[in-house]
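Student:
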Amino acid sequence: MSSLLLLFSSSCSLLLLLFLSAPCLKVLVLIPTLEQLISSKETALTSEKGRWMSSCYPCHVQIFSPPYSDSKKLIYHLKGCQGLGNKGSSPFTSVVSAAKVCGAAAESPSVKRLHLLVADKDFSFKAGQWVDFFIPGVSVVGGFSICSSPRLLKQERMIELAVKYANHPPALWIHNQCTLDSEVAVRVGGEFFFDPQPADASRNLVLIAGGVGINPLLSILRHAADLHRDRVNKGSGYEVGTIKLFYSAKNTSELLFKQNILDLVNEFPEKIACSLHVTKQTTQISAELQPYITEGRITEKEIRDHISKETLFYICGPPPMTDFFSKQLENSHVPKEHICFEKWW
Ligand SMILES: NC(=O)c1ccc[n+]([C@@H]2O[C@H](COP(=O)([O-])OP(=O)(O)OC[C@H]3O[C@@H](n4cnc5c(N)ncnc54)[C@H](OP(=O)(O)O)[C@@H]3O)[C@@H](O)[C@H]2O)c1
Ligand SMILES: *[C@@H]1O[C@H](CO)[C@@H](O)[C@H](O)[C@H]1NC(C)=O
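Mapping of the sequence shown onto mature numbering (1 follows the signal peptide of the UniProt record, and there is no 0): residues -26 to -1, 1 to 319, in sequence order.
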């Protein structure tokens, strides 16, 4: 077992080296090898008990851990997740791409934000998905939800991540060692996404976020805003319904991306609204934030007031929060297919 791990980690670094030294090399060639590695049960690649590993076990199916560890389970996963008119995306067809850090900044006292330039033109993702994050020299693979929109990737070849400090090798690396021009590799995964097609029926969205759980929901919010802009400009395309974001964090400095969120609310006041909650605020809230902030947790009642037949619910936050709201919605007879959640474990 330990020799297997050793063998594994050395071939993994070799692979990474290959990617990083030849970014234009088509990864298709390499994927089978990588998949073999990843699907072997003992791999260190799928992080240990990994509450961090690929954060999501969405859409009512939480039967496999770690992810991708067993192809039978994987198939079950893909089938089990009917994802709201979405077509499943198989991790086996996902591209592993080299990526270079092209921006890094503190988003809050505990969260660092990264922009990555993605090398492979075949790399793509759907709003809400995560990336496996391969770091040269670090044997544990990170799993981080993408918070940028698919459009930023199309237009600028960039994705954005926001990672909370934790005692976990990939997070530690991001907080302590990662610099501009650091090179990593990324691969998309996850069944928690919003990807409506032009002719799909218009839906309202209710997004419920806790802490760093804002990441995939911000991607969905940004994507919906892009779709709405298209519709306004071209008069065709998917018709976005209303979107309501409920977002709870400890305090106003831990409310990530608040300015980006408020900018979208102000750009599309008829479409997008938000309710920001703080639960451990110890200082005065600034006058410009005040109108959007409620002190105390998001309540069941607020959510219930948004239930309708046309509404899809996306939930991402600490597991007790996710459980609580998905149960509440089920108890209120929202069909399971309209409740999508992503949980850390
Ligand atoms: N992927 C990552 O980047 C990462 C990093 C570290 C940890 N994690 C995992 O991600 C989870 C969230 O991390 P975080 O530190 O960002 O969250 P957090 O700061 O602990 O919580 C975020 C917000 O969710 C609220 N909340 C918690 N439980 C709730 C419930 N049952 N009902 C309603 N609101 C609830 C909290 O309110 P209260 O203050 O009242 O609890 C707080 O306002 C953790 O459970 C951890 O396992 C993920
Ligand atoms: C919010 O909490 C963090 C960590 O607990 C702290 O560093 C920060 O100063 C707090 N910010 C505000 C505005 O209270």
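All residues carry an ideal CB built from backbone N, CA and C; glycine is no exception.
No experiment lies behind these values; they were computed from the predicted model shown.
Residue 131 and residue 200 - do their beta-carbons sit closer together than 7 Å?
Tutor: no
Student: According to the Cβ coordinates, are residue 266 and residue 250 closer than 7 Å?
Tutor: yes
Student: What is the DSSP secondary structure of residue 237, counted as helix, strand or coil?
Tutor: Residue state, collapsed to three classes: helix.
Student: Give me, in chain order, the residues of the same chain whose beta-carbon lies closer than 7 Å to that of residue 259; leave out the 5 immediate sequence neighbours on both sides.
Tutor: 226 and 267
Student: Looking at the secondary structure, which residues open and close the alpha helix (DSSP H) in which residue 217 lies?
Tutor: DSSP places residue 217 in no alpha helix (DSSP H) but in the uninterrupted beta strand (DSSP E) bounded by 217 to 223.
Student: Looking only at DSSP bridge pairs, what is residue 74 linked to?
Tutor: In DSSP, residue 74 forms a bridge with 91 and 157.
Student: Between the Cα of residue 157 and those of 73, 243, 122 and 92, spot the shortest distance and give me the residue it belongs to.
Tutor: 73
Student: Looking at the unbroken beta strand (DSSP E) that takes in residue 317, where does it start and where does it end?
Tutor: 313 to 317
Student: For a test of your reading of the model: does the CB of residue 216 fall under 6 Å from any non-hydrogen atom of ligand 1? Yes or no.
Tutor: no
Student: Quick one: using the 10 Å Cβ neighbour count with 16 as the cut-off for buried, is residue 202 buried or exposed?
Tutor: buried
Student: DSSP beta-bridge partners for residue 303?
Tutor: None, per the DSSP bridge assignment.
Student: Does the beta-carbon of residue 141 have 16 or more other beta-carbons within 10 angstroms, so that it is buried, or is it exposed?
Tutor: exposed
Student: Can you tell me whether residue 257 sits near ligand 2, meaning its C-beta is under 6 Å from at least one heavy atom of the ligand?
Tutor: yes
Student: Considering only heavy atoms of ligand 2, does any lie closer than 6 Å to the CB of residue 253?
Tutor: Remark: the C-beta of residue 253 is outside contact range of ligand 2, defined as less than 6 Å to any heavy atom.
Student: I believe residue 320 touches residue 162 by the beta-carbon criterion, under 8 Å. Please report the beta-carbon distance rounded to the nearest angstrom.
Tutor: There is no way to answer for residue 320, as the model of the chain reaches only from -26 to 319.
Student: Would you mind sorting residue 154 into buried or exposed? The rule is 16 or more other CB atoms within 10 Å of its CB.
Tutor: exposed
Student: Using the DSSP secondary-structure output, state which residues sit across from residue 108 in a beta bridge.
Tutor: 159
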